[in-house]
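Numbering of the sequence shown is given in my numbering, commencing with residue 314 and proceeding in unit increments. In this text, a Cβ means the ideal position worked out from N, Cα and C, and glycines have one as well.
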Amino acid sequence: MTAALRTEALSKSFGEFAANSDINLSFAAGARHALIGPNGAGKTTFINLLTGVLSPSGGEVFLRDERITHLPQHARVKRGMTRTFQINTLFPGLSALESVVLATCEREGRGGVWWRTTSDERSAIEEAHEILSRLRLDRDADTPTRALPYGKQRLLEIALALAARPTVLLLDEPAAGIPAAESAELFQVIAQLPRDVTIVFIEHDMKLVFRFAERITVLVGGTVLTEGTPDEISRDARVREVYLGEAQHG
Numbered sequence: 314m315t316a317a318l319r320t321e322a323l324s325k326s327f328g329e330f331a332a333n334s335d336i337n338l339s340f341a342a343g344a345r346h347a348l349i350g351p352n353g354a355g356k357t358t359f360i361n362l363l364t365g366v367l368s369p370s371g372g373e374v375f376l377r378d379e380r381i382t383h384l385p386q387h388a389r390v391k392r393g394m395t396r397t398f399q400i401n402t403l404f405p406g407l408s409a410l411e412s413v414v415l416a417t418c419e420r421e422g423r424g425g426v427w428w429r430t431t432s433d434e435r436s437a438i439e440e441a442h443e444i445l446s447r448l449r450l451d452r453d454a455d456t457p458t459r460a461l462p463y464g465k466q467r468l469l470e471i472a473l474a475l476a477a478r479p480t481v482l483l484l485d486e487p488a489a490g491i492p493a494a495e496s497a498e499l500f501q502v503i504a505q506l507p508r509d510v511t512i513v514f515i516e517h518d519m520k521l522v523f524r525f526a527e528r529i530t531v532l533v534g535g536t537v538l539t540e541g542t543p544d545e546i547s548r549d550a551r552v553r554e555v556y557l558g559e560a561q562h563g
């Protein structure tokens, strides 16, 4: 089976500092795959290489069978890869619905058309309502983004990413800054996204990782320490030593 996303010897150095070194990873279609590791492990650098925010020092990135190593960010989005960030990037003055409609129009190359001026945007409005409903934001459709609780703002950011109709969705700490009770709810919503979307996420909360990930890759010092199922990772002595802590599993 062709991987939805894979890397070959992907590397990034900043001067003498190797942030990522020879990373070979493959993400299966429909995967729920977590990237974990201590601070400075190179997780966000790796996501930035996947999405084109950074250019690699070496190695390759493939989206399905297509080599996309040197494609710009917008071209990767057009091919089906979208992401969220540690800090949300939203339109505070627009409602949730307006924001998602704008994102759907942008996907179709009509981002400069103000949606309320033409009936041609009806399909975009219907699609936006569907996306908001999928993320349990339908009751907040007319709420200004700035008035949404932070947890719902994070969900709205995922809604904007889904409006691009991705095959691969990269989430960089989607629960950052959200209270524990809300973060579990956010991940429940993420877990219910359709399987035609491959999800790769960075997360520091190990309870969330072991509850929602089906495979886990552990990065340490910019390289892959190990990869496996949650059960395999939880029993790995090297992982406990460098990251999880003996007490947490002992």
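Query, Result
"Please tell me whether I438 and I471 are closer than 8 Å, where the distance is taken between their beta carbons.", "no"
"Go through its chain and collect everything with a Cβ distance to L445's Cβ below 7 Å, but skip five positions before and after it.", "A409, L410, V413, D451, A454 and A472"
"Please list the segments of the alpha helix (DSSP H) lying wholly inside the segment 438–526, counting only runs of 4 or more residues, in order along the chain.", "463–475, 493–504 and 519–525"
"Should L376 and G393 be called a contact, given that it needs their Cβ atoms to be closer than 8 Å?", "yes"
"Taking the beta strand (DSSP E) that F327 falls in, what are its first and last residues?", "L318 to F327"
"Of the choices P507, R396 and S370, whose alpha-carbon is the least far from that of D335?", "S370"
"Please report the distance separating the alpha-carbon of F330 from that of G355.", "11 Å"
"Less than 8 Å separating the beta-carbons of V510 and T480?", "yes"
"Would T458 pass as a contact of P405 if the rule is Cβ separation under 8 Å?", "yes"
"What residue does the alpha helix (DSSP H) around R392 start on, and which one ends it?", "Run containing R392: none; DSSP gives neither H nor E here."
"Please name the residue, chosen from E516, A526 and K520, that lies closest to N352 on a Cα-to-Cα basis.", "E516"
"What does the Cβ neighbour count give for H383, buried or exposed, with the cut at 16 atoms within 10 Å?", "exposed"
"Closer than 8 Å is the cut-off here; do at least three beta carbon pairs connect the segment 488–496 with the segment 317–326?", "no"
"If distances are taken between C-alpha atoms only, which option among Q505, T357 and L338 comes closest to E373?", "L338"
"Would you mind sorting E421 into buried or exposed? The rule is 16 or more other CB atoms within 10 Å of its CB.", "exposed"
"Given E440, which residues of its chain have a CB within under 6 Å of its CB, disregarding the five upstream and five downstream residues?", "T417"
"So the candidates are I360, E443 and R380; which of them puts its Cα closest to the Cα of G535?", "I360"
"Excluding the five sequence neighbours on either side, which residues of its own chain have a C-beta within less than 8 Å of the C-beta of D378, listed in chain order?", "T315"
"Assuming D549 and T539 are in contact, meaning their beta carbons sit under 8 Å apart, how far apart are those beta carbons, in whole angstroms?", "6 Å"
"Return helix, strand or coil for W428, following the three-state DSSP convention.", "In this predicted model, W428 has a pLDDT of only 49, less than 50, meaning its place in the structure is not dependable; the value taken from the coordinates is given anyway. If DSSP states are grouped into helix, strand and coil, W428 belongs with the helices."
"Quick one: measure Cβ to Cβ for I529 and V537, integer angstroms, because I've assumed they're closer than 8 Å.", "Incorrect: roughly 11 Å between the Cβ atoms, too far for contact."
"On the criterion of 16 or more Cβ atoms from any shown chain inside 10 Å, does G464 qualify as buried, or is it exposed?", "buried"
"Tell me which same chain residues have a C-beta within less than 8 Å of the C-beta of P385, skipping the five on either side of it?", "G365"
"Straight-line CA distance for R447 to E554?", "39 Å"
"Roughly how far, in whole angstroms, is the beta-carbon of L499 from the beta-carbon of G350, given that I think they are within contact range, below 8 Å?", "With a Cβ gap of about 21 Å, L499 and G350 do not count as contacting."
"Would you mind stating whether A526 and R345 have Cβ atoms separated by less than 8 Å?", "yes"
"Which of helix, strand or coil does DSSP assign to A416?", "helix"
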